[in-house]
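A short write-up of the structure that comes next.
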Amino acid sequence: MSTQNPKVEAFFDDDAIWHDEFLVLRDVLRETELTEEFKWRAPCYTVDGKNIAILGRFKAGAALSFFKGVLLKDELKVLISPGENSNEGRLLRFNSVDEVFEAKDLIKAYVAEAIKLEKAGVKLPEKEAYEVVYSEEMLAKFDETDGLQDAFENLTPGRQKGYMLYFEGTRNSATKTSRIERYIPRILNGKGIRDCVCGHSGKYPTCDGTHKDYPEDYY
1 MSTQNPKVEA FFDDDAIWHD EFLVLRDVLR ETELTEEFKW RAPCYTVDGK NIAILGRFKA
61 GAALSFFKGV LLKDELKVLI SPGENSNEGR LLRFNSVDEV FEAKDLIKAY VAEAIKLEKA
121 GVKLPEKEAY EVVYSEEMLA KFDETDGLQD AFENLTPGRQ KGYMLYFEGT RNSATKTSRI
181 ERYIPRILNG KGIRDCVCGH SGKYPTCDGT HKDYPEDYY
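Anchor point for the sequence shown: position 181 equals 181 in this note's numbering, and the numbering is continuous, going up by one each time.
Structure (structure tokens):
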């Protein structure tokens, strides 16, 4: 595996938290057939153009996340779900260089299994239908804002879920109302909570933060 991408090199040159752990992880991944790319602001590892795993820098540790981690057998039960609402990805987390070295064979085995699944065309299980339950605050805004309910219900299920998880992430009614009000223009414009609204994302429709390179009036 080799790379000429300066963004990848900049990531590994950055002397931030877990720097040494990432360098060792990179060495391990370079011993596999994965191709190293740069996506979502991090080194991403692919095979035949398909995403297999990506590195992540968290306070809790350096992470190697498998996009279809839920499909891995994980007989040792070491894979971690990145969140309670994550149905697909699973990650390995490391807090020291020694941990990475000790897990070298395990990492390679999980990578090999992930590659095998991808090449075999194994698909992720169908997601359960998401049932939207509107809060009183949401219903109030529907009544107050012309076209808001129609616009929301015309969003894809994934976009609806993204909004509702954020809106309902607090029990405080005032905070909930404030969150809804903030995103009314996006909803009316048919955009999801993570969709690009500046028009400069390289990962459209998802926002990759490119707008930060532009004046504030772009967003």
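Virtual Cβ for every residue (Gly too), placed ideally from N, Cα, C.
Close-in-space but distant-in-sequence residues of the same chain around residue i (CB under 6 Å, 5 per side omitted)
i, result
"P215", "Here the model assigns P215 a pLDDT of 42, short of 50, so the residue's position is not dependable, and the following value carries that caveat. Same-chain partners within the cutoff: there are none."
"E102", "none"
"L79", "G69 and R90"
Own chain partners of residue i with C-beta closer than 7 Å, once the 5 adjacent residues on each side are dropped
i, result
"F152", "Q160 and I187"
"F38", "N5, K7, V8 and C44"
"I17", "R57"
"V133", "none"
"S81", "R90"
"K50", "E118"
Whether residue i touches residue j by CB criterion (7 Å)
i, j, result
"G234", "F94", "The requested residue 234 does not occur in the structure, where the chain is confined to residues 1 to 219."
"L76", "L117", "no"
"V97", "D14", "no"
"Y167", "R179", "According to the sequence displayed, residue 167 carries Phe and not Tyr. Taking 7 Å as the Cβ cut-off, F167 and R179 qualify as a contacting pair."
Burial state of residue i, where buried means 16 or more other Cβ atoms lie within 10 Å
i, result
"P185", "exposed"
"K141", "buried"
"G192", "buried"
"K176", "buried"
"F11", "buried"
"F58", "exposed"
"G162", "buried"
"L91", "buried"
"A120", "exposed"
"D213", "Note that D213 has pLDDT 48, beneath the 50 cutoff, so the model's placement of it is unreliable and the number below is only indicative. Exposed."
"L139", "exposed"
"D217", "Unreliable placement is indicated for D217, whose pLDDT of 38 sits below 50; no coordinate value is reported for it."
Of the listed residues the options, nearest to residue i (C-alpha basis)
i, options, result
"A109", "P157, T32 and E99", "T32"
"N5", "A42, K119 and W18", "A42"
"N136", "A174, A103, V122 and L79", "Residue identity differs from the one stated: residue 136 is Glu in this sequence, not Asn. If we check each option's Cα against that of E136, A174 comes out closest."
"R194", "G158, S178, W18 and N172", "G158"
"K123", "G89, A103 and Q149", "G89"
"V28", "P82, L79, K104 and E126", "K104"
"N154", "G190, D74 and R30", "G190"
"E113", "E181, F67, P125 and R179", "F67"
Spatial neighbours of residue i in its chain, beta-carbon cut-off 8 Å, leaving aside the 5 residues before and after
i, result
"L25", "L55, A62, L64, F94, V100 and I107"
"L34", "M1, Y45, T46, V47, I52, A53, V111 and I115"
"L23", "F12"
"Q149", "F142"
Check: residue i C-beta below 6 Å from any heavy atom of the ligand GTP
i, result
"T175", "Annotation note on the ligand GTP: not contained in the displayed structure, which lists no ligands."
C-beta neighbour in chain D for residue i, strict 7 Å
i, result
"S65", "Included in the structure is just one protein chain, with no chain D present."
Check: Residue ranges of each alpha helix (DSSP H) run of no fewer than 4 residues wholly in the stretch 94–168, ordered along the chain?
Finding: 97–102, 104–119, 136–144, 148–153 and 157–167
Notebook entry, point to check: Enumerated in chain order, which unbroken segments of the alpha helix (DSSP H) with a length of 4 residues or greater are wholly contained in the stretch 37–96?
Noted result: none
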